[in-house]
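Chains A and B, in that order, give the protein sequences. Note that the UniProt record's numbering numbers the first sequence so that position 78 is 78, with each residue one more than the last. Note that the UniProt record's numbering numbers the second sequence so that position 259 is 259, with each residue one more than the last. C-beta: ideal position from N, C-alpha, C; glycine also. What you are looking at is a predicted structure, and each value in this text was computed from that prediction instead of being measured.
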Amino acid sequence: MQVSLFITCLVDTMFPEVAESLVHLLQRQGIQVDVPMGQTCCGQPAFNSGYFEEAREVAKTWLTAFADSEYIVTPSGSCAAMVIHDYPILFKGDHKQLDRIKKLTQRTYEWTQFFVDVLKVEDIGAKAHISATYHPSCHGMRLLGVTDSPYRLMRHVEGLQLVDLPFAELCCGFGGTFAVKMPHISTAMATEKVVHIAETSAQLLLGLDMGCLMNIAGRMKHMNTHIPTMHLAQFLDRASSDLPILDNREGVNIK
Amino acid sequence: MNKQFDERITHALTDDHLHHAVNIATDRLRTKKAQALTKIDFAQWSERGREIREHVISNLDYYLTQLASEVRRRGGHVYFCADTTDAVEAIQGVIQSHHATKVIKSKSMVTEELHLNDALEQMGVEVVETDLGEYIIQLAHETPSHIIAPAIHKGREQIADLFSQVANRKIASDTPSLNDYAHEVLRQKFIEAEIGITGCNFGIAETGTVCLFTNEGNGRMVTTLPPVHIAVMGMERVLPTLADLEVFMNILPRSATGQQLTSYVSLVTGPRAHDELDGAKEFHLIILDNQRSQSLGDPDFQEVLQCIRCGACLNVCPVYRQIGGHAYGSVYSGPIGAVLTPLLRDDPESAELPYASSLCGACYEACPVKIPLHDMLVKLRARNVSRGFTPPAERLAFQIYKKTFASPKNYRLAVRSLRSVQKWLMKNGEFHSSIPILSSWSKTRSLDGLSPLTFRERFAKGLVIDQITEKLPHVARKE
Ligand code: SF4
């Protein structure tokens, strides 16, 4: 089986370690990983802001980059949702592109869904003696139905104590360009999220989307709340190798 | 952003009372709803509801004609009103023909669209709202801030203060005392009223029936005590048959307030017949278009007419939770308001409402008739772009975005050049809070810089190696 990695622009430029962790996790399942170098961005910022013309041009580079992939796997529910849910809206009426989209989206997966639903792997042999809470990102949860798969993976981590996040389903206020366009409302939403996370007293916040995690972590820093945030792929990678979960950044070494 | 909108948002965000009241009330409604849904197969009822609404909207002309002829056959009067002026004139006409000066109302969002109370007061008519929430905001000279719970933004202390002021004596802030006071005032109004005005949750085409869901029984009194009853409905609020009503009796109260059924469901079919003991002697039905037909036949927006105004989308919306209803500056607030208002009131100010959403999709998930509100918000933004409503700087930014991201080569170049200048844009490892575009972000949140190498660069250079498998990447496919 060969898997093409769909690495979002945010992860590519700011959080390459998340993508690397995903490579590790896949390779350990004996999967051949391929990174199409022609990919850039899925077009979501333009689409969500209503710039359909611009979004279409960017989406076409995505469609070309992945044209002959067997499976397409991404560490972002939001970008997977862009391709699966929004491309058909974006290219409405353009039958040539719609055919292409249909073929590709049938093989596109948010990575936890790929592990649980396609690979049928829930236990990757990870260990971590730490308490964590989990923020479900909206697009993955609501547009793709990523609800069960992350929990299945997390429940199999030996020693991990999962703490429920109050009001978990409330959006953290990122919303891509929303955070820039409506900064006050977005900040108020992020603040509420940070308060709920702090209430859990968990040592770590886990999530599936770097956009949301960046927003939450950025707000935390301003509020002087120091709870490390981590993408679930990175966490599982660390928890299943000899790497410390938190690399001394916060002055604690949990493992 | 439009200045008034910005001011309303800022005002709402700094109002702790509002924030507290809205959070408590929406949390309660949401929890009650979740509980109410476990008792029946809600998904099935809701799917049936969506089908019925979709069918009605696709055949609206047929059902409206049937509704009107059934109402007329039973001796009622029907007015099709193209806009708010037509509707106000029709209502004023009925009032004048009776030389009436005292009107009581039951809760109705559609009359808010007409600014009916103002129009009637200007002609010297006393109008009294009889729904407790509506009565409260009428006293406070405000507008509803929630489709279902108009005074959701007020805490009980604030309400007690308001009542005490009007009554000129101290009214306690517990629910029975507040209720008692409202009862005492309103009882007299009910007895004196010459005209009763109500909204209409559903008009039943088959029987010409107007259906009202209420919790206080005031709807029942408004439709039966005064000799004349005027019902006002948006043209989309039609159901084919009484049997269909069962579906909505199951889903509307559950979605709205988490009740299995509202305390009162009133069915009014025409004026009082000679063998009937109660009911108004005269019945008038106002059917309002007010731009609704613009959405008919428009594949992007027709589904919005399926809305049953349950308010469930407001109760789950994280933006509504922060700013409440008044910040939207329109009759309908929350996600449905952000979609409906620009469709009903096509002006640049309303055109901004669709941006007040992070597109989290909670509204779509909550909507019992599955209106894709999150997709419509994006389509309304696209409509703004194609009409040239968006700021030039934003248009330019997305031109640059397109040029950069539509070509892998340009993307690489852009990342490299941004990386080489970022040290001037950063302070203490974070982006500086004064960079244009980013400043609105970085004022309240830190933002880390770009990584020294992108993932794809590291992958191509063979730097991505797993300690465990010691495997190198297999394929780094060229463009
Ligand atoms: S859009 Fe849906 S959830 Fe919102 S008020 Fe209308 S029917 Fe209810």
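Using a Cβ-based criterion (distance less than 7 Å to any ligand heavy atom), does Arg292/B qualify as near ligand 1? Taking the first residue of the second sequence as 1, we reach residue 292/B at position 292. The answer is no for Arg292/B.
Less than 8 Å between the C-beta atoms of Cys360/B and Gly176/A, yes or no? Locating residue 360/B in the second sequence gives position 360, where the first residue counts as 1. Locating residue 176/A in the first sequence gives position 176, where the first residue counts as 1. Not a contact, by the Cβ cut-off of 8 Å.
Express the C-alpha separation of Gly50/A and Pro348/B in angstroms, rounding to a whole number. Residue 348/B sits at position 348 when you count from the first residue of the second sequence. Residue 50/A sits at position 50 when you count from the first residue of the first sequence. So the alpha carbons of these two residues sit roughly 16 Å apart.
Taking any Cβ of chain B, which residues in the region 140-169 of chain A have a Cβ under 9 Å from it, in chain order? Met141, Arg142, Leu143, Phe167 and Glu169
Let me confirm a value: Ile468/B is counted as buried when at least 16 other C-beta atoms fall within 10 Å, else exposed. Which label applies? Against the second sequence, residue 468/B aligns to sequence position 468. Classification for Ile468/B: exposed.
Compute the Euclidean distance between the alpha carbons of Gly208/B and Pro271/B, then round it to the nearest angstrom. Your numbering for residue 208/B matches position 208 in the second sequence. Your numbering for residue 271/B matches position 271 in the second sequence. Approximately 11 Å, taken between the alpha carbons.
I believe Leu178/B touches Phe163/B by the beta-carbon criterion, under 8 Å. Please report the beta-carbon distance rounded to the nearest angstrom. Counting from 1 along the second sequence, the entry for residue 178/B is found at position 178. Counting from 1 along the second sequence, the entry for residue 163/B is found at position 163. About 7 Å; that satisfies the 8 Å criterion.
Local Cβ density within 10 Å of Gly251/A, reported as buried at 16 or more and exposed below that: Here residue 251/A corresponds to residue number 251 of the first sequence, with the count starting at 1. Caution is warranted here: a pLDDT of 37 is assigned to Gly251/A, below 50, making its placement in the model unreliable, and no coordinate value can be reported.
Residues of chain A with a CB under 7 Å from the CB of Leu450/B: which are they? Against the second sequence, residue 450/B aligns to sequence position 450. Going along chain A in sequence order, the residues near Leu450/B (Cβ under 7 Å) are Thr13 and Met14.
Sorted by chain position, which residues of the same chain lie with C-beta nearer than 8 Å to Met109/B's C-beta, five sequence neighbours on each side aside? On the second sequence, residue 109/B is found 109 positions in, with the first residue counted as 1. Correct list, in chain order: Pro144, Ile147, Gly199, Arg309, Val331 and Tyr332.
According to DSSP, is Val166/B helix, strand or coil? What you label residue 166/B is simply residue 166 of the second sequence in a count that begins at 1. Three-state DSSP puts Val166/B in a helix.
Sheet register partners of Val415/B (DSSP bridge): Within the second sequence, numbered from 1, the residue matching residue 415/B stands at position 415. BP columns for Val415/B are empty, so no partner.
Going by DSSP in three states, Glu282/B sits in which element: helix, strand or coil? Indexing the second sequence from 1 puts residue 282/B at position 282. Reduced to three states, the DSSP call for Glu282/B is strand.
Chain-ordered chain A contacts of Leu314/B [CB-CB under 8 Å]: Taking the second sequence and counting its residues from 1, the one referred to as residue 314/B is at position 314. Near Leu314/B there are no residues of chain A at all, since even the closest Cβ is about 14 Å away, more than 8 Å.
Local conformation of Lys105/B per DSSP, three classes: For the purposes of this step, residue 105/B is taken as residue 105 along the second sequence, with counting starting at 1. It is a strand residue.
Could you tell me which of Pro335/B, Ile323/B, Ala312/B and Arg387/B sits nearest to Asp346/B, measuring between CA atoms? Your numbering for residue 346/B matches position 346 in the second sequence. Of the candidates Pro335/B, Ile323/B, Ala312/B and Arg387/B, the one whose C-alpha sits nearest the C-alpha of Asp346/B is Arg387/B.
When DSSP labels each residue in this structure, what does Leu252/B get in the three-state scheme? Residue mapping note: residue 252/B aligns to position 252 of the second sequence, counting from 1. Three-state DSSP puts Leu252/B in a helix.
Step through the CB atoms of chain A and report whether any lies within less than 8 Å of the CB of Asp466/B. As a working mapping, residue 466/B is identified with position 466 in the second sequence. Closer than 8 Å to some Cβ of chain A, the Cβ of Asp466/B qualifies, so yes.
Is the beta carbon of Gly311/B within less than 7 Å of some heavy atom of ligand 1? Indexing the second sequence from 1 puts residue 311/B at position 311. Gly311/B Cβ: within cutoff of ligand 1.
Return the bridge partner residues of Tyr71/A from the DSSP annotation. As a working note, residue 71/A is residue 71 in the first sequence. The partner list for Tyr71/A (beta bridge, DSSP) reads Val3/A.
Any alpha helix (DSSP H) of 4 or more consecutive residues that is wholly inside the region 349-435 of chain B: 362-366, 373-386, 392-405 and 408-425
Within 7 Å: the Cβ of Val464/B and any heavy atom of ligand 1? Here the question's residue 464/B lines up with position 464 in the second sequence. The answer is no for Val464/B.
Should Ser333/B be counted as a contact of ligand 1 given a C-beta to heavy atom distance under 7 Å? Counting from one through the second sequence, the residue named residue 333/B turns up at place 333. Outside the cutoff, so no.
What ranges does the alpha helix (DSSP H) occupy inside the region 111-141 of chain B, keeping only unbroken runs of at least 4 residues that lie completely in it? 116-122 and 132-139
Using C-beta distances below 8 Å, list every residue in its chain close to Gln32/A, excluding the 5 sequence neighbours before and after it, in chain order. In the first sequence, counting from the first residue as 1, residue 32/A sits at position 32. Here the set comprises Met1, Gln2 and Val3.
With DSSP as the reference, please indicate the residues paired to Gly203/B in a beta bridge. For this step, residue 203/B is matched to residue 203 along the second sequence. Partner(s): Val210/B and Val238/B.
Bridge-paired residues (DSSP) for Glu110/A: Along the first sequence, one-based indexing puts residue 110/A at 110. The partner list for Glu110/A (beta bridge, DSSP) reads Thr74/A.
Around the C-beta of Asn253/A, are 16 or more other C-beta atoms found within 10 angstroms, so that it is buried, or is it exposed? Here residue 253/A refers to the residue found at position 253 of the first sequence. Note that Asn253/A scores a pLDDT of 35, beneath 50, so its modelled location is shaky; the value from the coordinates is reported in the next line. Exposed, because fewer than 16 other Cβ atoms sit within 10 Å of the Cβ of Asn253/A.
Is there at least one Cβ from chain A nearer than 8 Å to Asn179/B's Cβ? For the purposes of this step, residue 179/B is taken as residue 179 along the second sequence, with counting starting at 1. Judged by the 8 Å Cβ criterion, Asn179/B is not in contact with chain A.
Interface flag, Leu353/B vs chain A, CB-CB below 8 Å: Indexing the second sequence from 1 puts residue 353/B at position 353. No, its Cβ sits nowhere closer than 8 Å to a Cβ of chain A.
On the DSSP bridge assignment, give the partners of Gln234/A in chain order. Here residue 234/A refers to the residue found at position 234 when the first sequence is read from its first residue. Paired residues: none, contrary to the question.
Chain-order list of residues whose beta-carbon lies under 7 Å from that of Asp123/A (same chain, five-residue window excluded): Counting from one through the first sequence, the residue named residue 123/A turns up at place 123. Closer than 7 Å at the Cβ level, and outside the excluded window around Asp123/A, lie His156.
Less than 8 Å between C-beta atoms, sequence neighbours within five positions excluded: which residues of the same chain meet that for Val116/A? Numbered from 1 along the first sequence, position 116 holds the residue referred to as residue 116/A. Answer for Val116/A: Glu122, Asp148, Ser149, Arg152 and Leu153, listed in chain order.
First and last residue of the uninterrupted beta strand (DSSP E) at Leu267/B: If you number the second sequence from 1, residue 267/B lands on position 267. Element bounds for Leu267/B: Tyr264 to Thr269.
Simplified DSSP state of Glu158/A, which is helix, strand or coil: Residue 158/A sits at position 158 when you count from the first residue of the first sequence. Here Glu158/A sits in strand by DSSP.
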